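Residue 411 is where the sequence shown starts when you use my numbering, and the numbers rise one by one after that. Just so you know, even glycine gets a beta-carbon here, dropped at the ideal spot from N, CA and C. The structure presented is a predicted model; accordingly, all values stated were derived computationally and were not measured.
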Amino acid sequence: MSQLPLILVVEDNQRNARLVTTILQANGYQVTVAGDGQSATAALRDTLPQLILMDLQLPDVDGLTLTRQFKSVPETAHIPIIALTAHVLEEHQTQAIEAGCCGFVSKPISYKAFLQTVADAIAIECGDVCGTVS
Ligand code: MN
């Protein structure tokens, strides 16, 4: 069994999913990719990751809705979720935080800032910071 932290990347854009996967694997993370909400839910039944990167626009479900679902289930409520989106408006960031996300990464991603956000999210005790849906 590897001790590398596992990250679930929920992203339907294959090019972006590949980019994120490449960056994360090069920096010592294991990655599972899910292309829609149904696959993401199935992946969580299989293995619980240390972090979820959540694209907010998915083919079958809104990423914020999916975030609220994961945050409402005891098994997955503790997993930090970072929103991944092209939306840069402050309003959207607020919505992501309210849904239970503990961080926010804008696409196109900035390599260094992205890795810092990921490391910070994995390091925190998520229950204290972002486990509560307001
Ligand atoms: Mn998308």
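When the Cα of I519 is compared with those of A444, H497, G473, D470, which residue comes out closest? H497
### Query
Alpha carbon to alpha carbon, what distance is there between A436 and L414?
12 Å
To the nearest angstrom, how far is the alpha carbon of G447 from that of L468? 7 Å
query: Do you know offhand how far A529's Cα is from K522's?
result: 11 Å
Quiz item: Looking at the C-beta of C511, does it have a partner C-beta in chain C at a distance below 8 Å?
Solution: No chain C appears in this structure, which consists of one protein chain only.
Could you give the first and the last residue of the continuous beta strand (DSSP E) run that contains A444?
440–444
Per DSSP, cross-strand counterpart(s) of L418 = T442, I462
Under 8 Å: do the region 456–471 and the region 417–436 share three or more Cβ pairs, one atom per stretch? yes
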